[in-house]
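Trainee:
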Amino acid sequence: MCCCSKKYSNTAKKLWAFGGVVAIFIAAAFFGFGLPAIIDAVALTEFRIKEGARVYENFFDGEVPIFFDIYVFDWTNPEEIRNPNVRPNFVQKGPYVFSERHERGMVSFNDNDTLTFNQKRIWHYIPEQSNGDYFNDRVTTLNPILATVGKTLQGDPLLPFLDNIIMANNLATFLYEDVPVHEMLFDGHPDLLLNTLRDLLGALPPGTVPDIALPPWEGFGWFVERNESLEYDGTFQIGTGTDNHINTGLMRQWNNEPQVPNYRGVCGQVRGSAGEVWPPMGRNLGDDIRPLHLFLPDLCSAITLQHEREFSLHGLDGELWVGDARNFDNGNTIPETECQCTAPVEECPVFLPGVIDVSECKFGAPLVVSYPHFYLAHPSYRMAVDGMNPEKGKHEFRFALHPFSGIPMTVNGRLQYNMHLKDYGMQLFQGVPDIIIPAFWIEQRVVLTEDIADDLKLIEDLRWGFIITAYVLCGVGALLLGLSVYAAVFVWKD
1 MCCCSKKYSN TAKKLWAFGG VVAIFIAAAF FGFGLPAIID AVALTEFRIK EGARVYENFF
61 DGEVPIFFDI YVFDWTNPEE IRNPNVRPNF VQKGPYVFSE RHERGMVSFN DNDTLTFNQK
121 RIWHYIPEQS NGDYFNDRVT TLNPILATVG KTLQGDPLLP FLDNIIMANN LATFLYEDVP
181 VHEMLFDGHP DLLLNTLRDL LGALPPGTVP DIALPPWEGF GWFVERNESL EYDGTFQIGT
241 GTDNHINTGL MRQWNNEPQV PNYRGVCGQV RGSAGEVWPP MGRNLGDDIR PLHLFLPDLC
301 SAITLQHERE FSLHGLDGEL WVGDARNFDN GNTIPETECQ CTAPVEECPV FLPGVIDVSE
361 CKFGAPLVVS YPHFYLAHPS YRMAVDGMNP EKGKHEFRFA LHPFSGIPMT VNGRLQYNMH
421 LKDYGMQLFQ GVPDIIIPAF WIEQRVVLTE DIADDLKLIE DLRWGFIITA YVLCGVGALL
481 LGLSVYAAVF VWKD
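Numbering-wise (the UniProt record's numbering), the sequence shown opens with residue 1 and increments by one.
1. Roughly how many angstroms lie between the CA atoms of residue 306 and residue 100, to the nearest whole one?
2. With DSSP as the reference, identify every bridge partner of residue 251, one or two as the case may be.
3. Does the distance from the CB of residue 239 to the CB of residue 230 come in under 8 Å?
4. Tell me the DSSP bridge mates of residue 378?
5. Any idea if residue 75 is buried or exposed, counting beta-carbon neighbours within 10 angstroms, 16 or more meaning buried?
6. Nearest to residue 123 by alpha carbon, out of 61, 291, 106, 227?
7. Measure the C-alpha to C-alpha separation of residue 96 and residue 29 and round it to an integer number of angstroms.
8. Quick one: residues in its chain with C-beta nearer than 8 Å to the C-beta of residue 59, no 5 flanking neighbours on either side, listed in chain order?
9. Is it the case that the Cβ atoms of residue 418 and residue 359 are separated by a distance below 8 Å?
10. Can you tell which of 407, 475, 463, 465 has its C-alpha closest to the C-alpha of residue 57?
11. Please determine, among 183, 479, 248, 433, the residue with the shortest C-alpha to C-alpha distance to residue 47.
12. Residues in the same chain with beta-carbon distance under 7 Å from residue 356, minus the five sequence neighbours each way, listed in chain order, please.
13. To the nearest angstrom, how far is the alpha carbon of residue 270 from that of residue 261?
14. Put residue 342 into one of helix, strand or coil per three-state DSSP.
15. Any idea what DSSP makes of residue 281, helix, strand or coil?
16. Would you kindly check if the distance between the Cβ of residue 68 and the Cβ of residue 444 is under 8 Å?
17. Just the C-alpha distance for residue 304 and residue 297, rounded to the nearest angstrom, thanks.
18. Compute the distance between the beta-carbons of residue 387 and residue 91, then report whether it is under 8 Å.
19. Using DSSP's beta-bridge definition, name the partner residues of residue 212.
20. If you check the beta carbons only, do residue 365 and residue 147 fall under 8 Å apart?
21. How big is the Cα-Cα spacing for residue 499 and residue 382?
22. Is the beta carbon of residue 301 less than 8 Å from the beta carbon of residue 267?
23. Inspect the beta-carbon positions of residue 149 and residue 162 and report whether they are closer than 8 Å.
24. Going by CA-CA distance only, name the one from 233, 184, 136 that's closest to residue 102.
25. Quick one: grab the DSSP three-state call for residue 44.
26. Suppose only complete runs of 4+ residues qualify. What are the alpha helix (DSSP H) ranges in the segment 22-105, listed by chain order?
27. List the endpoints of the continuous alpha helix (DSSP H) containing residue 394.
28. Going by alpha carbons, who is nearest to residue 384 out of 65, 81, 309?
29. Considering only residues of the same chain and omitting the five flanking positions on each side of residue 299, which have a CB-CB separation below 7 Å?
30. According to DSSP, simplified to helix, strand and coil, what is residue 163?
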């Protein structure tokens with residue numbers, strides 16, 4: 001001890017002690033701030049659409065399974081539609097469950113850090129997960145072609161002429177039809193009315209053809225010729241995030257335009273994400289978490305999802321957003337949604353809250369979209385028919401994200417497609433009520449796999465491991481600082 005005390009002076013001991021404490025605190029700062037920042041910076045390079053990045057691989061070869069559930073409504077008493085004492089009754093059938101896979105084609109990386117592509121959706125029926133017999137079940141539903149003709153040509157001088165041809169040639173004998181489920185959806189069924197109308201309109205002299213956009217197929221089905229189509233969903237342009245990660249996955253254009261023609265103002269803006277890739281939001285989002293905008297080509301517009309609460313899956317923490325009433329308002333109760341009304345401004349709003357008109361997006365068909373079973377819609381829609389039982393847990397539109405990576409954790413994308421029935425000035429529509437007829441509703445389901453969740457948790461675990469190490473070092477540093485002060489005052493006296 002005497003030898004050592006002679007080797008180092010008390011001043012040197014103090015310097016070594018306090019220097020060691022400073023070194024420990026510097027190491028703590030590096031573990032607590034430097035290394036987590038490095039991990040975040042490296043991780044963010046994986047959350048951009050560039051070759052070699054994790055998001056790139058997932059975008060072009062999706063690792064997360066997608067399921068597409070379809071529920072159809074069977075109209076059990078259509079012959080009573082003109083009876084004011086009897087409400088139309090609907091029985092839900094399904095779900096008919098399909099796997100869904102996305103492929104990208106016509107891909108082009110652009111100079112402005114955007115990516116242009118077309119999307120192919122591939123569906124395969126899964127009988128063991130379905131409830132019902134997809135190929136043998138039948139449903140009665142409003143005739144969509146007849147309703148489209150009536151809606152599109154209402155008030156047109158040509159309508160009486162076409163109406164007489166329809167009746168004289170028995171092209172349609174009822175305003176409803178009984179069809180197999182598989183033909184109503186993907187396979188389609190031959191439609192004499194559709195083909196005859198196409199021939200008649202093609203024979204009219206130039207300048208006399210009415211403004212009607214009939215579906216370009218030989219038969220009709222709500223999803224006919226969509227399976228494996230590279231053109232149906234349109235052309236997307238999204239940010240790659242290579243310029244700035246906050247642009248990853250955000251829509252810039254759809255069908256080469258930044259604005260859709262169906263809606264006015266902000267309602268027609270091409271915005272938000274197409275759903276599979278989102279910009280990383282960072283950490284510590286705070287209490288005021290902004291809404292998400294999700295662009296849906298089936299609606300030719302984006303819907304807005306509001307933050308609801310924290311969310312956890314496979315031990316991974318995220319945030320949950322849900323669809324609220326504003327998505328299907330027309331300015332009735334929420335003034336800023338007035339631009340969702342497709343009628344002339346002076347005629348808006350046309351519908352009570354709860355549905356929006358998407359006819360211009362669907363070949364002029366009198367199609368309106370809502371949440372399933374008219375969830376969050378005006379009570380009059382449910383009161384006008386029997387068979388609607390809205391429930392938050394079954395019919396809410398839900399979207400959960402891992403905010404740091406922008407990777408979806410779970411999706412329950414739920415939408416209902418309905419037809420607007422009214423007297424369109426045709427014989428088969430005489431005396432019918434003005435009513436919204438439910439046709440079918442869909443749920444697109446996505447659940448993050450445990451393998452991907454584990455990869456994301458590894459990033460979190462590494463980050464928190466360094467932060468915990470920093471706290472431990474701070475504790476050790478504080479202890480040594482206290483001991484050094486004590487030694488400097490009471491032991492290493494000059």
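For each residue, glycine too, the CB sits at the ideal point set by N, CA and C.
As the structure is a computational prediction, the values presented were derived from the model and not from experiment.
Mentor: From the atom records:
1. 26 Å
2. 238
3. no
4. Partner(s): none; residue 378 has no beta bridge.
5. buried
6. 227
7. 56 Å
8. 49, 104, 276, 277
9. no
10. 407
11. 248
12. 328, 330, 340, 368, 369
13. 11 Å
14. coil
15. coil
16. yes
17. 14 Å
18. yes
19. Answer is none; residue 212 lacks a bridge partner.
20. yes
21. The structure shown does not extend to residue 499, since the chain is modelled only from 1 through 494, so no value can be given for it.
22. yes
23. yes
24. 233
25. helix
26. 35-46, 54-60
27. 392-395
28. 81
29. 358, 361, 369
30. helix
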